[in-house]
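Reading through the structure tokens given below for one structure.
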Amino acid sequence: MDGGVNKLDEFVGPQARKQNPEHRVAVRCGDIKIGEGTFTVMAGPCAIESVDQAVETAKVVEEAGAKIFRASLFKPRTSPYSFQGIGPEGLPILQAVRTETKLLLETEVLSLKHLELLHDHVDMLRVGARGMRNYELLKEVGQTQKPLILKRGMSATLKDFLLAAEYVLVNGNEKVILCERGIRTFETYTRNTLDILAVPALKELTHLPIIVDPSHSAGRRSLVGPASKAGLAAGADGLLVEVHPNPDGALSDGDQALDLSAFLTLMDELRSLAAVMGKVV
Ligand code: PEP
Ligand code: MN
């Protein structure tokens with residue numbers, strides 16, 4: 114058939130595309146909504162390392178105005194010799210963050226075992242770039258009602274990405290938030306290439322909220338601010354940002370982590386830009 118809408122249909126499954134392309138659906142998580150004119154910042158360290166590191170970071174993340182604490186206990190590292198995450202020992206640390214702040218918690222699940230272990234301890238799940246193609250895991254997450262951040266695989270087309278989301282949606286979980294985190298290209302100065310046009314492209318393909326990860330795309334602290342502002346300007350519904358009290362001592366991804374004062378500054382800059390765009394951070 115003729116016409117733009119039908120041409121778009123070849124990129125997106127029926128669950129990820131509401132009938133009316135103008136119709137956007139916000140994802141509710143606790144007392145907040147992702148989408149609907151707000152710009153939701155989710156921030157925290159790449160990995161939970163200790164109670165002090167987590168609580169110190171969380172307090173500043175909250176003070177800065179972010180709503181969700183990102184907190185990985187299990188890390189999918191390229192090398193098996195790199196820090197693999199604190200594991201189940203991190204559960205009481207998540208509890209400490211809950212006691213000390215009002216932040217909602219999100220964490221990555223890499224397997225069904227993680228899903229079972231972490232489901233009741235967090236408000237939001239994350240399936241990362243490596244997990245995006247773990248279709249069995251996506252089916253299981255689809256059978257929960259937890260909001261999910263689904264990250265784009267590093268070599269996934271938008272069609273691959275949306276079909277991964279479709280696995281969750283068609284299994285009954287409608288609370289999917291898409292995250293553009295950069296794709297692999299020939300460029301090596303940045304860790305990945307932030308596909309900024311993925312944001313408006315996904316907006317025209319799907320009703321789902323879309324956030325940007327400036328940290329794993331940039332791979333360099335100096336570029337995290339510009340990538341964050343580009344995400345907001347491109348129409349994203351929020352950010353997933355890495356923040357660490359001592360980036361140079363971080364056990365993973367220190368090069369791309371903002372320190373606490375840089376994060377406070379970034380949040381101020383985002384508020385100014387959001388005001389121009391009629392959004393609230
Ligand atoms: C992360 O956000 O902790 C992460 C591992 O990122 P990605 O899955 O995008 O590589
Ligand atoms: Mn990381």
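Letter 254 of the sequence shown, counting from 1, is numbered 367 in the working numbering, and no numbers are missing. Beta carbons are placed, not taken as given, at the ideal position from N, Cα and C, and that holds for glycine.
Got a sec, what are the start and stop residues for the alpha helix (DSSP H) residue i sits in?
| i | result |
| --- | --- |
| T378 | 373–389 |
| V283 | 271–283 |
| V222 | Counting along the chain, V222 falls outside any alpha helix (DSSP H), and DSSP gives it neither H nor E. |
| E317 | 311–318 |
| I56 | The question about residue 56 has no answer, for the chain in this structure spans 114 to 394. |
With respect to the beta strand (DSSP E) encompassing residue i, which residues constitute its N-terminal and C-terminal limits?
| i | result |
| --- | --- |
| R141 | 140–142 |
| K146 | 145–147 |
| A156 | 153–157 |
| E175 | Counting along the chain, E175 falls outside any beta strand (DSSP E), though it belongs to the alpha helix (DSSP H) covering 164–176. |
| R294 | Careful: R294 lies outside any beta strand (DSSP E) and carries neither H nor E. |
| I181 | 181–183 |
Give the C-beta separation of residue i and residue j to the nearest angstrom, bearing in mind that I take them to be a contact with Cβ-Cβ under 8 Å.
| i | j | result |
| --- | --- | --- |
| C159 | A363 | 7 Å |
| R333 | D361 | With a Cβ gap of about 13 Å, R333 and D361 do not count as contacting. |
| K392 | G150 | 6 Å |
| N286 | V325 | Contact doesn't hold; Cβ gap of about 22 Å is too wide. |
| I147 | A139 | 6 Å |
| E169 | P358 | 5 Å |
| I206 | V173 | That pair is no contact at about 16 Å. |
Who are the Cβ neighbours of residue i in its own chain at under 8 Å, not counting the five residues just before and after it?
| i | result |
| --- | --- |
| T298 | N305, T306 |
| F124 | L271, K272, L275, L318 |
| E249 | L225 |
| S195 | K188, S365 |
| V210 | A167, V168, A171, F182, A184, L216, L218 |
| S268 | I296, R297 |
| K342 | E382, L383, L386 |
| L121 | R130, P134, E317, L318 |
Leaving out five residues on either side along the sequence, give the residues of the same chain with a beta carbon under 7 Å from the beta carbon of residue i.
| i | result |
| --- | --- |
| L204 | H234 |
| A129 | L275, A278, E279, L282, T319, L321 |
| G241 | P189, E221, K264 |
| I323 | L291, E293, V312, L315, K316, A349, D350 |
| L251 | V240, A277, Y280, V281 |
| L353 | M155, R183, I262, C292, I324, D326 |
| T257 | H232, N286 |
| H136 | H320 |
| V389 | none |
Apart from the five residues on each side of it in sequence, which residues of its chain come closer than 6 Å, Cβ to Cβ, to residue i?
| i | result |
| --- | --- |
| I145 | K180 |
| A375 | none |
| R243 | P189 |
| T153 | I147, K180, G351 |
Is there at least one non-hydrogen atom of ligand 4 closer than 7 Å to the beta-carbon of residue i?
| i | result |
| --- | --- |
| S341 | Judged by which ligands are present, ligand 4 is missing from the structure shown, whose ligands are ligand 1 and ligand 2. |
Check your understanding: Going along the chain, which unbroken runs of the beta strand (DSSP E) with 3 or more residues stay wholly within the stretch 226–271?
Key -> 237–240, 261–264
Check your understanding: What beta strand (DSSP E) runs, 3 residues minimum, are completely inside the stretch 321–374?
Key -> List check, beta strand (DSSP E) in window: 323–325, 351–355.
**Study point:** Residues near ligand 2, criterion Cβ-heavy atom distance below 5 Å
**Key:** C159, D366
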